[in-house]
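Below is one structure, written out as structure tokens; the observations come after it.
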Amino acid sequence: MLRSCRLCEKRCGVDRAAGEPAPCGLGDQTWCFKRHVSYAEEIDLLPSYMVYLGGCNFRCRFCVQGPTCFAPRVGHRVQPTDAALDFERMVARGARTINLLGGEPSLHLHTILEIAAVAAEPLPLLINSNMYMTPEVIDLLEGVAGMYVADFKFGCDGCARDIAGIDRYMEVVTRNLLRASEQAPMIVRHLLMPGHLECCFKPVARWMAEHLTDVQFSLMTGYVPAWRACSDERLGRTLTTEECEEAEALVTTLGLRRSS
Amino acid sequence: MIHAPHPSDGSDERGRELDIVIRIGPDGRVYLHDITDDLLPVALSLNPTDIVMQQRVKAAGRLDKETHT
Chain A
1 MLRSCRLCEK RCGVDRAAGE PAPCGLGDQT WCFKRHVSYA EEIDLLPSYM VYLGGCNFRC
61 RFCVQGPTCF APRVGHRVQP TDAALDFERM VARGARTINL LGGEPSLHLH TILEIAAVAA
121 EPLPLLINSN MYMTPEVIDL LEGVAGMYVA DFKFGCDGCA RDIAGIDRYM EVVTRNLLRA
181 SEQAPMIVRH LLMPGHLECC FKPVARWMAE HLTDVQFSLM TGYVPAWRAC SDERLGRTLT
241 TEECEEAEAL VTTLGLRRSS
Chain B
261 MIHAPHPSDG SDERGRELDI VIRIGPDGRV YLHDITDDLL PVALSLNPTD IVMQQRVKAA
321 GRLDKETHT
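As given, the protein sequences belong to chains A and B, one line each in that order.
Following our numbering, the numbering of the first sequence begins with 1 at its first residue and continues without gaps.
Following our numbering, the numbering of the second sequence begins with 261 at its first residue and continues without gaps.
This is the structure we're talking about:
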């Protein structure tokens, strides 16, 4: 798949193995720009060993990791055998999840599969993803991904295009949420964005209520304008109490399964 | 934002800075980003009755700190 890349729905067809630069900037190497144990994730995931893989196919203006996470080669290069040993060590010490994020971890499918293959024991690999991968990626991750933490960021294609530079967002992400949720446990996250309740939050919440009632939903109300959002007319502020309360009320009304 | 110089969790990031955000929202809730065990007591002290934060502190106790490499 790397020789004519179709790991994400941009399906750019670039030969990443030959070193051709893909739109995401990635070749065939995987680099990790940060890793540590975090306690800020959902309670069921803790302690969570966060492994940030460089390179992303989205350019969300509010990205808290941007622009560092867009660079394909910051930090250290991931060698699957070393990574597997590192993950096993952290699991032995009590880490409940190995939280692969970025950037976008699914763009590193080949590395993830290799790590899983060389590990002495099955690893609790968590794919923390924007869910813009192709269906083939989800199928190849079956049995490897112990869990998905899926970002359902936008509720319409217009905002996805405007804020993240992504086309066909709703079609791709909803398809993938359904497919991946059949293969592994999932938490769907929505980061509530200021001024985006009607266009993003409400369609997301209603879709969840209609299609994924048994899947945990995590409403994230800690939005902070970061990277290019700081100068954005709508995204350049924190949420108001009223916005948070309205969103919380709809989650309750719809009966979504909350995750803390 | 706090620049934590030495994550003490045994990860290989010792010696590198890590940006940790502890923010108090307008509703009084405490929000975290990338928090390590070192700073959990700080976050808990901002709202000691926060049950979820108490669970985070409890989760930190599950990680064995005796086998640092």
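Beta carbons: idealized from backbone N, C-alpha and C, even for Gly.
The three-state reading of DSSP puts residue 295 of chain B in coil, since its state is none of H, G, I, E or B. Cβ proximity to chain B below 8 Å picks out 221, 222 and 224 from the stretch 202 to 228 of chain A. When DSSP states are grouped into helix, strand and coil, residue 238 of chain A belongs to the coil group. Against residue 295 of chain B, the close residues of chain A are 38, 39 and 40, in the order they occur along the chain (beta-carbon pairs closer than 9 Å).
Counting along the chain, the unbroken beta strand (DSSP E) around residue 148 of chain A starts and ends at 147 to 151. In this structure, the straight-line span from the alpha carbon of residue 97 of chain A to that of residue 169 of chain A is close to 28 Å. Under the DSSP assignment, residue 138 of chain A falls in the alpha helix (DSSP H) whose first and last residues are 135 to 141. Nearest Cα to residue 217 of chain A within the set A:138, A:231, A:232 and A:181: A:181. With a cutoff of 9 Å on beta-carbon distance, residue 208 of chain A and residue 152 of chain A are scored as near each other.
Excluding residues up to 5 positions away in sequence, 5, 20 and 22 lie with their Cβ nearer than 6 Å to the Cβ of residue 14 of chain A in the same chain.
With a cutoff of 9 Å on beta-carbon distance, residue 53 of chain A and residue 68 of chain A are scored as not near each other. Scanning A:147, A:243 and A:136 for the CA closest to the CA of residue 175 of chain A turns up A:136. Around residue 134 of chain A, the same chain offers 6, 7, 8, 9 and 11 as residues with beta carbons nearer than 8 Å, after the five sequence neighbours per side are excluded. Residue burial is scored here from C-beta neighbours: residue 165 of chain A has fewer than 16 other C-beta atoms within 10 angstroms and is therefore classed as exposed. Per DSSP, residue 280 of chain B is one residue of the beta strand (DSSP E) stretching across 278 to 284. In this structure residue 40 of chain A is buried. Its beta-carbon is surrounded by 16 or more other beta-carbon atoms within 10 angstroms. Taking 9 Å as the CB threshold, residue 241 of chain A lines the interface with chain B.
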